[in-house]
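Reviewing the structure listed below.
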Amino acid sequence: MSDNFEEVRHLQTIFEGALLAAGRPLSIDQLRALFTDDERPTRQKTLRALASLEASCAGRGFELKQVASGYRLQVREEVALWVSRLFEERPARYSRALLETLALIAYRQPITRGEIEDIRGVSVSSNIVRTLLEREWVRVVGHREVPGRPAMYATTRQFLDYFNLSSLDQLPPLSEIRNLDDIGREIERKLQTEVELELPATPAQDAGQ
Amino acid sequence: MSDNFEEVRHLQTIFEGALLAAGRPLSIDQLRALFTDDERPTRQKTLRALASLEASCAGRGFELKQVASGYRLQVREEVALWVSRLFEERPARYSRALLETLALIAYRQPITRGEIEDIRGVSVSSNIVRTLLEREWVRVVGHREVPGRPAMYATTRQFLDYFNLSSLDQLPPLSEIRNLDDIGREIERKLQTEVELELPATPAQDAGQ
Amino acid sequence: MTDHSTGPIVEEVAASAAPLDSPLARVSGKALTDIPKDLYIPPDALAVFLDTFEGPLDLLLYLIRRQNMDILEVDVSDITRQYMDYIATMEAMRFELAAEYLVMAATLAEIKSRMLLPRQQVDDEEELDPRAELIRRLQQYERFKKAAEDLDDLPQAERDFFTGSAALPAMPTQQVLPDVDMGELLLALQGVLRRADLFTSHQVERETLSTRERMSAILAALANGGFLTFESLFTPEEGRLGVVVTFLALLELVKEQLIEVVQTAMLEPIHIRSRSELTGMESLRL
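Which chain is which? The protein sequence lines are W, B and E, in order. Going by numbering that gives the first Met the number 0, the residue at position 92 of the first sequence is 91; the numbering climbs one at a time, nothing skipped. Going by numbering that gives the first Met the number 0, the residue at position 162 of the second sequence is 161; the numbering climbs one at a time, nothing skipped. Going by numbering that gives the first Met the number 0, the residue at position 269 of the third sequence is 268; the numbering climbs one at a time, nothing skipped.
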């Protein structure tokens, strides 16, 4: 009896190691194939060891799951919230088109998409508008009385809060934007250092994929 | 006291799940980053939870290991024999050229390709350097201020992780080399005797060729 | 060169340098586990030869070790002869030898010739003894050759040990939104204005931002389609400037035909409503 217990224990340890090394489901036969002919466990013993493994995972960060192609170890849903933070994607940068659209809405509000397109000289994708609406930086404040009744966009309180402004007045007047080249250089420099700071983190992230 | 125990338990479960989800080492800071600001554990608590996790793996198929870039869960060596049967094809062996290049970078970092070539006595193929960079075992850490500004290479944490090391100190020691002055003196002495011995014989030897 | 001198080299290389379990090479598709011992050496085997050595230093080390010699006690004449034999064989077989092998041959020849000359008293100015230099390089190379072997003996991921990983459960998706810098925003604006050549437009400069902001606020307040009294749009706490801004905003909205100002009779309250919402309501009624 005690021999039997030892044997189950031994199989269970090997199965746990194999399932973790595989990182994918293994069938009963694949698990049995880990052994040479003379030490291969019966299906029954294999199942008993798997049951024992399952029980031993109680209260841990992972559990044994049976899926179509066999058994696999899976991170428990109870810790998914924390684990998901591992995979948070680095926020992408917004496109230049989006920033131009946002700037025009801020400075020329209320403004329609058609008017933005007239100034930019290119069309504004629905995605950009949707992103700005979803982020709650702009909202529709009415419709212009022209064919199609296009929506007029304006910036929101959230927009002001995000950029730490108490009112739009705190944005530099258009006339000053002409002298932005100095600010531009400053920003370039800042972006540069940011990129450099970000670099070391990147390989590790990549390696995880 | 019991609260504390519960808390460590909770952290330990999350860490186990996260390490298994990542499948790569996570640093203390990366583990702490899984939490929102208000629930983030201190470093000390994090370490306590890791110690508890380590203890809880006793007798299982895996263990907690500290490597260069943090902590990882690793299949126990005791079951490696069976687990390795999962992988039918033997992992490719690395060429001597690659290993020698890697060894030179590991022991002599930072080092340029030219310096590696001087010691090996043959040119280092670009393929080898590319492979090492792509595997993220080495990286460029600067340029030597000589003509051509050659890149200087150093090893990475991923290199240490791959070879199951937590720091460069753990590399096997380099064999002794007698310092040049000693060699010089010794050779001086030997040459002297050799030359004396060889001189009479030389004409004959020459004739023999 | 003679076959006699190359034969043993080939044999011993096969025995010492190659892992026993893996074939040295494939000759016409057939695995070659040891190099033929007969006099004829197939060219493929010589190619293996080239692959076996990591360069001239490696070859020299092999020749030295084969004789159980200490590097410091190298018999340069003997080693040079063997080395030259090897080079000659390769050349005879028209194998392209790396230049390093030929450079080494020249170095060896120089060392040998120096040793044949009567040794003069060395003065300090003289360059490094080429034999000492060679020995230094051999020692140095041997160290790292050994280090490479040690490295290969270390446990390696997925060969000797395995990292544990488990499948992921269903996870909440977390989206992290990009950050935007005010500077970036202004740069974008500058770009678009430059393209549109709006800097010269008087219209753009005349309106202050607070007016445009107020225009949006008024429109938003009217968005439900109802009337607002003229007075309710003004906030006395804002002072004179606030009143002026609101008034300019109303004028601009009227000019752009976005709002309608309604007064039913003289001295009656003035009401404002959005033209667009009005149309919307009316079209609904229809």
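Cβ coordinates follow ideal geometry from the N, Cα and C atoms, glycine included.
Notebook entry, point to check: Tell me, which residues are paired with V66(W) by DSSP?
Noted result: In the first sequence, residue 66(W) corresponds to position 67, counting from 1. Answer is G69(W).
Check: Which residues mark the beginning and the end of the beta strand (DSSP E) in which S273(E) is found?
Finding: Locating residue 273(E) in the third sequence gives position 274, counting from the first residue. Counting along the chain, the beta strand (DSSP E) containing S273(E) begins and ends at H270 to S273.
Check: Could you check where the alpha helix (DSSP H) with A32(W) kicks off and where it finishes?
Finding: What you label residue 32(W) is simply residue 33 of the first sequence in a count that begins at 1. Element bounds for A32(W): n/a, residue is neither H nor E.
Note to self: Can you list, in chain order, the residues of its chain with a C-beta nearer than 8 angstroms to that of P149(W)? Leave out the 5 residues immediately preceding and following it.
What the structure shows: Mapped onto the first sequence, residue 149(W) falls at position 150. For P149(W), where only same-chain residues beyond five positions count, the Cβ hits under 8 angstroms are T111, R112, G113, H142 and R143.
Checklist line | Own chain residues within Cβ distance below 7 angstroms of Q73(W), not counting five before or after | finding: Sequence index remark: in the first sequence, residue 73(W) carries index 74 (1-based). For Q73(W), where only same-chain residues beyond five positions count, the Cβ hits under 7 angstroms are F61, E62 and K64.
Note to self: Just checking: is the beta-carbon of P55(E) within a distance shorter than 8 angstroms of some beta-carbon in chain C?
What the structure shows: In the displayed structure, chain C is absent; the protein chains listed are W, B and E.
Next item on the list: Check H9(B) in the structure and name its three-state DSSP category.
Entry: Counting from 1 along the second sequence, the entry for residue 9(B) is found at position 10. The answer is helix: DSSP assigns H9(B) an H, G or I state.
Checklist line | G69(W) versus D28(W): straight-line alpha-carbon distance, rounded | finding: Within the first sequence, the letter at position 70 stands for residue 69(W). Within the first sequence, the letter at position 29 stands for residue 28(W). Their backbone Cα atoms lie some 9 angstroms apart in a straight line.
Notebook entry, point to check: Which residues in the same chain as K144(E) place their Cβ atom closer than 8 angstroms to its Cβ, once the five residues preceding and following it in sequence are excluded?
Noted result: Stepping through the third sequence from its first residue, residue 144(E) is reached at position 145. Excluding residues within five positions, the ones whose Cβ falls inside 8 angstroms are E53, D57 and L60.
Notebook entry, point to check: Of the residues that make up the stretch 127–144 of chain B, which ones have a beta carbon closer than 9 angstroms to any beta carbon in chain E?
Noted result: none
Check: Is the Cβ of G120(W) closer than 8 angstroms to any Cβ of chain B?
Finding: The sequence position of residue 120(W) within the first sequence is 121, counting from 1. No, its Cβ sits nowhere closer than 8 angstroms to a Cβ of chain B.
Margin query: Against chain B, with Cβ distances strictly below 8 angstroms, would I13(W) count as a contact?
Written below: If you number the first sequence from 1, residue 13(W) lands on position 14. Judged by the 8 angstroms Cβ criterion, I13(W) is in contact with chain B.
Next item on the list: Could you tell me if Q256(E) is buried or exposed, where buried requires 16 or more neighbouring beta carbons within 10 angstroms of its beta carbon?
Entry: The residue labelled residue 256(E) in the question sits at position 257 within the third sequence. Burial call: exposed.
Next item on the list: Please name the residue in F14(W), A79(W), S94(W) and D168(W) whose C-alpha comes closest to that of L325(E).
Entry: This structure gives no information on residue 325(E), because the portion of chain E shown stretches from 0 to 285.
Item checked: Pairwise C-alpha distance: Y106(W) and H270(E) -> Indexing the third sequence from 1 puts residue 270(E) at position 271. Indexing the first sequence from 1 puts residue 106(W) at position 107. Whole-angstrom Cα-Cα distance: 28 angstroms.
Notebook entry, point to check: Listed in chain order, which residues of the stretch 139–162 of chain E have Cβ atoms closer than 9 angstroms to some Cβ of chain B?
Noted result: Q139, Y140, E141, R142, F143, K144, K145, A146, A147, E148, D149, L150, D151, D152, L153, P154, Q155, A156, E157, R158, D159, F160, F161 and T162
Check: Roughly how many whole angstroms lie between the Cα atoms of L30(W) and R39(W)?
Finding: Numbered from its first residue, the first sequence carries residue 30(W) at position 31. Numbered from its first residue, the first sequence carries residue 39(W) at position 40. Distance between the alpha carbons of L30(W) and R39(W) is about 9 angstroms.
Check: So with Cβ pairs under 8 angstroms, would you call R136(E) a contact of chain B?
Finding: Taking the first residue of the third sequence as position 1, residue 136(E) is located at position 137. For R136(E), the answer is yes, since a Cβ of chain B falls inside 8 angstroms of its Cβ.
Checklist line | The beta strand (DSSP E) enclosing Y161(B), as first and last residue numbers | finding: Along the second sequence, one-based indexing puts residue 161(B) at 162. Note, Y161(B): premise wrong, no beta strand (DSSP E); alpha helix (DSSP H) at R156 to Y161.
Check: Grouping DSSP H, G and I as helix and E and B as strand, with all else coil, what is V260(E)?
Finding: As a working mapping, residue 260(E) is identified with position 261 in the third sequence. Three-state result, V260(E): strand.
Check: If you measure from the beta carbon of I34(E) to each beta carbon in chain B, is any gap under 8 angstroms?
Finding: For the purposes of this step, residue 34(E) is taken as the residue at position 35 of the third sequence. Only weak support exists for where I34(E) lies, its pLDDT of 42 falling under 50; the value from the coordinates is given anyway. False, the Cβ-Cβ gap to chain B never drops below 8 angstroms.
Next item on the list: Using three-state DSSP, classify T207(E) as helix, strand or coil.
Entry: Numbered from its first residue, the third sequence carries residue 207(E) at position 208. Of the three classes helix, strand and coil, the one that applies to T207(E) here is coil, per DSSP.
Checklist line | Neighbourhood of A17(B) by C-beta distance below 7 angstroms, restricted to the same chain and skipping five residues each side | finding: If you number the second sequence from 1, residue 17(B) lands on position 18. The residues are L25, L30 and L33.
Check: Alpha carbon to alpha carbon, what distance is there between R59(W) and L188(E)?
Finding: Locating residue 188(E) in the third sequence gives position 189, where the first residue counts as 1. Locating residue 59(W) in the first sequence gives position 60, where the first residue counts as 1. Going by the C-alpha atoms only, they are around 53 angstroms apart.
Next item on the list: Figure out for me which residue from R47(B), A96(B) and A67(B) has the closest Cα to the Cα of D168(B).
Entry: Along the second sequence, one-based indexing puts residue 168(B) at 169. Ranking the options by Cα distance to D168(B), first place goes to A67(B).
Margin query: Tell me whether the stretch 121–137 of chain B and the stretch 154–173 of chain B touch, counting them as touching only if at least three CB pairs, one residue from each stretch, are closer than 8 angstroms.
Written below: yes
Margin query: Which of the three DSSP states is assigned to A156(E) in this structure?
Written below: Counted from its first residue, the third sequence places residue 156(E) at position 157. The answer is strand: DSSP assigns A156(E) an E or B state.
Notebook entry, point to check: Which same chain residues, not among the five before or five after R47(W), have their C-beta less than 6 angstroms away from its C-beta?
Noted result: In the first sequence, counting from the first residue as 1, residue 47(W) sits at position 48. Cβ neighbours of R47(W) beyond the five flanking positions: V7.
Note to self: Short of 8 angstroms in beta carbon distance, which residues of its chain neighbour P268(E), apart from the five on each side in sequence? Order them along the chain.
What the structure shows: In the third sequence, the residue the question calls residue 268(E) occupies position 269. T228, F229, E230 and Q262.
Next item on the list: Please decide whether V123(W) counts as near chain B, where near means a Cβ-Cβ distance under 8 angstroms.
Entry: Here residue 123(W) is taken as the residue at index 124 of the first sequence, counted from 1. No, V123(W) lies away from the interface with chain B (no Cβ there is under 8 angstroms from its Cβ).
Item checked: CA-to-CA distance, E53(B) to E99(B), given in whole angstroms -> As a working mapping, residue 99(B) is identified with position 100 in the second sequence. As a working mapping, residue 53(B) is identified with position 54 in the second sequence. Approximately 36 angstroms between the Cα atoms of the pair.
Note to self: Just list the residues that DSSP pairs R138(W) with in beta bridges.
What the structure shows: Taking the first sequence and counting its residues from 1, one reaches residue 138(W) at position 139. R138(W) pairs with A153(W).
Note to self: With H, G and I counted as helix, E and B as strand and the rest as coil, what does DSSP make of F4(W)?
What the structure shows: Within the first sequence, residue 4(W) is the residue found at index 5, counting from 1. Residue state, collapsed to three classes: helix.
Next item on the list: Express the C-alpha separation of E15(W) and R75(B) in angstroms, rounding to a whole number.
Entry: The count along the second sequence starts at 1 and reaches residue 75(B) at position 76. The count along the first sequence starts at 1 and reaches residue 15(W) at position 16. Using only the alpha carbons, I get a separation of about 10 angstroms.
Note to self: Residues of chain B with CB closer than 7 angstroms to the CB of L167(E), please, in chain order.
What the structure shows: Within the third sequence, numbered from 1, the residue matching residue 167(E) stands at position 168. Residues of chain B passing the Cβ test: A20.
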